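Enquirer: Residue numbers (the numbering used here): 226 to 427.
For every residue, glycine included, the Cβ atom is placed at its ideal position computed from N, Cα and C.
Source: prediction; values computed, not measured.
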Ligand SMILES: [Zn+2]
Ligand SMILES: [Zn+2]
C-alpha cells in the first residue's frame, strides 16, 4: 500500500490529465490484486515449509531439515516439493531482502564442538582427522585413505585410532558437505521442528 501511495503522489505531482491518472491507478490496482491472489493461493494450497532462522541468518526447509540459500529457493521448491511455477514467486518474495545466506558459498561451517542445531538433520556419526582437524567425513574408507595418503598411517594403526577420531557431524545441506563436529545432545532433534510447525499452523 505504501508503494501505491507513492505512485499516487508521483502521478498527482505531474500535470497528468484526470483520465490518464485514473487509467494508471487502475493498472496499479490490478497489479496489487494479482499479487494478493498469488499470496492467497500460496496460503491456501502450499504448506509453509520454509522458515528464516535469524540467529544463523539462514533459510531452513522444515521437512528436508536443510538450509536453502536464497538463490536456490526456486530450484528447491520445484525439485524437492514440486511447488507449481505460479506459486513459487510469492513464497520466494517472502524471503527477499532478509539477511539470509544467498548462495552455497556463503554457508560457512560452524565452529567444531558446537551444540547441535535442532532445525537441521540429526548429527551423523563420522570421523575427524587428529592430525589436520579440518578434515572430516562420515565415511570410514575415506578417512582411512586420507590417513594413509596424507599421514602415512597404516590400516591397522588407523583402526587402532578409530575410537579417538569418532565424532558427531552436522552440515547445512545434504549436498556439498561442509561438516563441523557437534556435542552429543540429550534433546530430541525433532522437538524444534514439531514446535515450529505447530506454532505456524495456529
Ligand atoms: Zn525441502
Ligand atoms: Zn589429516
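Counting by C-beta, which residues lie closer than 7 Å to a heavy atom of ligand 2, in chain order?
Expert: Those residues, listed in chain order, are 354, 356, 357, 360, 371, 372, 375 and 376.
Enquirer: DSSP three-state call for residue 295: helix, strand or coil?
Expert: Locating residue 295 in the chain shown gives position 70, where the first residue counts as 1. Helix, per DSSP.
Enquirer: Taking the C-alpha atoms as reference points, what is the distance between residue 353 and residue 314?
Expert: Translated into the one-based positions of the chain shown, residue 353 becomes position 128. Translated into the one-based positions of the chain shown, residue 314 becomes position 89. About 41 Å.
Enquirer: With DSSP collapsed to three states, give me the class of residue 396.
Expert: Locating residue 396 in the chain shown gives position 171, counting from the first residue. It is coil, neither helix nor strand.
Enquirer: Along the chain, where does the alpha helix (DSSP H) that runs through residue 314 open and close?
Expert: Within the chain shown, residue 314 is the residue found at index 89, counting from 1. Per DSSP, residue 314 belongs to the alpha helix (DSSP H) from 313-318.
Enquirer: Might you give, ordered along the chain, the residues of its own chain that have their beta carbon closer than 7 Å to the beta carbon of residue 324, omitting 5 neighbours on each side?
Expert: The count along the chain shown starts at 1 and reaches residue 324 at position 99. These residues qualify, in order along the chain: 282.
Enquirer: Just to confirm, are residue 372 and residue 357 a CB contact at a threshold of 8 Å?
Expert: Position 147 of the chain shown holds residue 372. Position 132 of the chain shown holds residue 357. No, the Cβ-Cβ distance between residue 372 and residue 357 is not below 8 Å.
Enquirer: Using a Cβ-based criterion (distance less than 7 Å to any ligand heavy atom), does residue 274 qualify as near ligand 1?
Expert: Locating residue 274 in the chain shown gives position 49, where the first residue counts as 1. At least one heavy atom of ligand 1 is nearer than 7 Å to the Cβ of residue 274, so yes.
Enquirer: Excluding five sequence neighbours on each side, which residues of the same chain lie with their C-beta closer than 8 Å to the C-beta of residue 320?
Expert: Position 95 of the chain shown holds residue 320. So the list reads 275, 277, 284, 295 and 298, once near-sequence residues are dropped.
Enquirer: Could you work out which residue in 390, 397 and 364 is closest to residue 341 when comparing CA atoms only?
Expert: What you label residue 341 is simply residue 116 of the chain shown in a count that begins at 1. Comparing Cα-Cα distances from residue 341 to each of 390, 397 and 364, the minimum goes to 397.
Enquirer: Does any heavy atom of ligand 1 sit closer than 7 Å to the C-beta of residue 289?
Expert: The residue you call residue 289 lines up with position 64 of the chain shown. Checking the Cβ of residue 289 against ligand 1 gives yes.
Enquirer: Quick one: give me the first and last residue of the alpha helix (DSSP H) that residue 381 is part of.
Expert: Here the question's residue 381 lines up with position 156 in the chain shown. Unbroken alpha helix (DSSP H) run through residue 381: 380-390.
Enquirer: Are there 16 or more other CB atoms within 10 angstroms of the CB of residue 326, so buried, or fewer, so exposed?
Expert: The residue given as residue 326 occupies position 101 in the chain shown. Buried: at least 16 other Cβ atoms inside 10 Å.
Enquirer: Which one or two residues does DSSP pair with residue 353 in a beta bridge?
Expert: Against the chain shown, residue 353 aligns to sequence position 128. According to DSSP, which records beta bridges pairwise, residue 353 is partnered with 361.
Enquirer: Quick check: does the Cβ of residue 282 come within less than 7 Å of any heavy atom belonging to ligand 1?
Expert: Locating residue 282 in the chain shown gives position 57, where the first residue counts as 1. No, Cβ of residue 282 sits at least 7 Å from all heavy atoms of ligand 1.
Enquirer: Measure the alpha-carbon distance for residue 386 versus residue 404 and round it to whole angstroms.
Expert: As a first step, residue 386 must be located in the chain shown, where it is residue number 161. As a first step, residue 404 must be located in the chain shown, where it is residue number 179. One C-alpha to the other measures close to 20 Å.
Enquirer: Whole angstroms are fine: how far does the CA of residue 388 sit from the CA of residue 332?
Expert: Position 107 of the chain shown, counting from 1, holds the residue named residue 332. Position 163 of the chain shown, counting from 1, holds the residue named residue 388. Cα to Cα, residue 332 sits roughly 30 Å from residue 388.
Enquirer: Tell me which same chain residues have a C-beta within less than 7 Å of the C-beta of residue 328, skipping the five on either side of it?
Expert: Residue numbering aside, residue 328 sits at position 103 when the chain shown is read from its first letter. For residue 328, where only same-chain residues beyond five positions count, the Cβ hits under 7 Å are 294 and 296.
Enquirer: For residue 303, I'd like the list of residues in its chain whose CB is within less than 8 Å of its CB, leaving aside the five on either flank, ordered along the chain.
Expert: Start at 1 with the first residue of the chain shown, and residue 303 comes out as number 78. Taken in chain order, the residues that qualify are 310 and 313.
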